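Working notes, structure below.
There are 2 protein chains.
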Amino acid sequence: MLTLEDARKALAKGSVIIFAGPCTVVYEGRATSRLGVGERLVLIKKDRSILVHRPTGHEPVNWQPAGSMIDFLTENGLPVIRASNANELLKISFTAQPSLMVFDLRDTAEFEMYASEEDMKKAVLAKPSLVEPGFKPLEEERQVKRTGRVDILGLDALGRLVVVELKRKPATPEDVRQLSAYVESLNSEFGRKPRAILAAPSTTKAARREMEKTSVEFRCLTPRRCMQVLREAKGLDSYL
Amino acid sequence: MLTLEDARKALAKGSVIIFAGPCTVVYEGRATSRLGVGERLVLIKKDRSILVHRPTGHEPVNWQPAGSMIDFLTENGLPVIRASNANELLKISFTAQPSLMVFDLRDTAEFEMYASEEDMKKAVLAKPSLVEPGFKPLEEERQVKRTGRVDILGLDALGRLVVVELKRKPATPEDVRQLSAYVESLNSEFGRKPRAILAAPSTTKAARREMEKTSVEFRCLTPRRCMQVLREAKGLDSYL
DNA sequence: GCCTAGGTCCCGTTG
DNA sequence: CAACGGGGCCTAGGC
Chain A
18 MLTLEDARKA LAKGSVIIFA GPCTVVYEGR ATSRLGVGER LVLIKKDRSI LVHRPTGHEP
78 VNWQPAGSMI DFLTENGLPV IRASNANELL KISFTAQPSL MVFDLRDTAE FEMYASEEDM
138 KKAVLAKPSL VEPGFKPLEE ERQVKRTGRV DILGLDALGR LVVVELKRKP ATPEDVRQLS
198 AYVESLNSEF GRKPRAILAA PSTTKAARRE MEKTSVEFRC LTPRRCMQVL REAKGLDSYL
Chain B
18 MLTLEDARKA LAKGSVIIFA GPCTVVYEGR ATSRLGVGER LVLIKKDRSI LVHRPTGHEP
78 VNWQPAGSMI DFLTENGLPV IRASNANELL KISFTAQPSL MVFDLRDTAE FEMYASEEDM
138 KKAVLAKPSL VEPGFKPLEE ERQVKRTGRV DILGLDALGR LVVVELKRKP ATPEDVRQLS
198 AYVESLNSEF GRKPRAILAA PSTTKAARRE MEKTSVEFRC LTPRRCMQVL REAKGLDSYL
């Protein structure tokens, strides 16, 4: 039978802890929440992130991000977990003795994710015609100066400035507004409107309406196609 | 020693399952990911949501939302979990015998959250002067017709139409664009520009610039203040 | 430290 | 069903 003292030691040692049992949960911070008695799992990781999971749902019902201060207390003979940081407090009060499990997890593997918006950008830089024939991205340095608002700056076949926004999901009116706001700021800076191209697998209807109003152009581009292009480019690289 | 057959039965019965052990994870779907060998916790909930947790970090490294199809297989004498839905596949392959835990969690409690944007709206409807002296929200019916884009429609002390956008966090340029897009659509519909008020605890600098350009007004309003007003309104209700 | 943008975001609500 | 916006979003990157 593991005790709170075991939990303290395990956490100090860098283990992962799970409590399983009936509890109530109170949270005060950016918002406030209350959760009555029910049986839940409480995960405490070695970085002192903490998750309260109900028996359903992808998302934890309550949590505290990594780096919080974790205290194990006893109130009325039952365990209480306090997880706090500068502005927030999470308090988990068990209403019966929970079971306690300790895990020593070694995990140093790298996590690799593909088909992100960043990958789409790499693909377009490797093969600019994905945007349109004759499209030429500006050199990296001039890209960087404009970073943060637009994904790719370039010139079209006629030498006109083009701002390209990439989306891995169907484009929304929000995406269109973001792009046309950027066009406007370039316009007032240089006195000339650049072309704007929104490259995404599709658009919502409202986005399409917004595009017509603001003369943002749509170019169909899927993450899948971009990954193909990246594979081909890589294959070519290793061949050469 | 629990077996995969036990896991199948537990899941069918509505229990929550945790596997703990070394595994690799492959995901194919909206994106693609690869995770090499490492020791992790795999939670499978009764709604067949599934979470793969590494020893650090609030977020699961891989997952599948509720309702996926879960298969427990054996490959080379070791357990494999396949969690799939129409378009996505998550495959967890253990590289050594994992431990298996089963939990029967009863949890029917209601989760209550306060200080949401919705609560801010309630507070303003209870005490419209939170927006400005003389502000009068339109009746609920005329609100509803306009729902989905703007939080509150009302009239100011001079009878002018006012659209109010509430935010519980510092207002961003995106928030300003959203509001002014709405103002524009009302303008082209009625031929007259309504006033626009963004009520939030603060604004980012870029948002402030965007507000000046588009004549969106700022009103400082915190979730905390709104909760006070709601408590007072409630207290008054129970007194009357 | 603030601020911005992405995410397999998830999730609820509405048309 | 798509679509739209909130969230204690979290997290990574820039400045």
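Chains as they are written, first to last, in my numbering: chain A, 18 to 257; chain B, 18 to 257. We put the beta carbon where it would ideally sit given N, CA and C, even for glycine. Since the model is a prediction, treat every value here as computed from it, not as a measurement.
Residue i in three-state terms, based on DSSP
i: LEU147 of chain A; result: helix
i: LEU21 of chain A; result: helix
i: GLY38 of chain B; result: strand
i: GLU127 of chain B; result: coil
i: LEU154 of chain B; result: A small fix is needed here, since residue 154 of chain B is Pro in this sequence, not Leu. Strand at PRO154 of chain B.
i: GLY55 of chain A; result: strand
i: LYS142 of chain A; result: Looking at the sequence itself, residue 142 of chain A is Leu, so the reference to Lys does not match. Helix.
i: ARG242 of chain A; result: helix
i: ALA27 of chain B; result: helix
i: ALA250 of chain A; result: helix
i: GLU76 of chain A; result: coil
i: ARG99 of chain A; result: strand
Residue span of the alpha helix (DSSP H) that contains residue i, given as start and end
i: LYS230 of chain A; result: 222-231
i: GLU201 of chain B; result: 190-207
Residue i burial status per 10 Å Cβ neighbour count (16 or more: buried)
i: SER146 of chain A; result: exposed
i: MET228 of chain A; result: buried
i: SER232 of chain A; result: exposed
i: GLU56 of chain A; result: buried
i: PRO150 of chain A; result: exposed
i: THR125 of chain A; result: exposed
i: MET118 of chain A; result: buried
i: GLN245 of chain A; result: exposed
i: ASP121 of chain B; result: exposed
i: ARG47 of chain B; result: exposed
i: SER85 of chain B; result: buried
i: GLY252 of chain A; result: exposed
Contact under 8 Å by Cβ, residue i with residue j
i: LYS138 of chain A; j: LEU183 of chain A; result: yes
i: GLU45 of chain B; j: LEU106 of chain B; result: yes
i: ALA216 of chain A; j: ARG248 of chain A; result: no
i: CYS40 of chain B; j: ILE87 of chain B; result: no
i: LEU155 of chain B; j: GLY176 of chain B; result: no
i: ARG212 of chain A; j: VAL179 of chain A; result: yes
i: PRO96 of chain A; j: PHE89 of chain A; result: yes
i: ILE34 of chain B; j: LEU28 of chain B; result: yes
i: ARG185 of chain B; j: SER133 of chain B; result: yes
i: LEU52 of chain B; j: PHE111 of chain A; result: no
Range covered by the beta strand (DSSP E) that runs through residue i
i: PHE111 of chain B; result: 106-111
i: HIS70 of chain A; result: 67-70
i: THR91 of chain A; result: 86-92
i: ARG177 of chain B; result: Premise fails: ARG177 of chain B is in no beta strand (DSSP E) and is neither H nor E.
i: GLN81 of chain B; result: 79-81
i: ARG212 of chain A; result: 212-217
i: ARG3 of chain B; result: Absent from the model: residue 3 of chain B. The displayed extent of chain B is 18 to 257, so no value can be given.
i: SER116 of chain B; result: 116-120
Rounded distance between the beta-carbons of residue j and residue i, thought under 8 Å
i: VAL59 of chain B; j: VAL69 of chain B; result: 5 Å
i: PRO72 of chain B; j: LYS63 of chain A; result: 5 Å
i: VAL148 of chain A; j: ILE61 of chain A; result: About 48 Å; that fails the 8 Å criterion.
i: SER50 of chain A; j: ASN79 of chain A; result: 7 Å
i: PRO187 of chain A; j: THR239 of chain A; result: PRO187 of chain A to THR239 of chain A, Cβ: 11 Å. No contact.
The ligand GDP heavy atom lying under 7 Å from the CB of residue i
i: ALA143 of chain A; result: This structure lacks the ligand GDP; in fact it carries no ligand of any kind.
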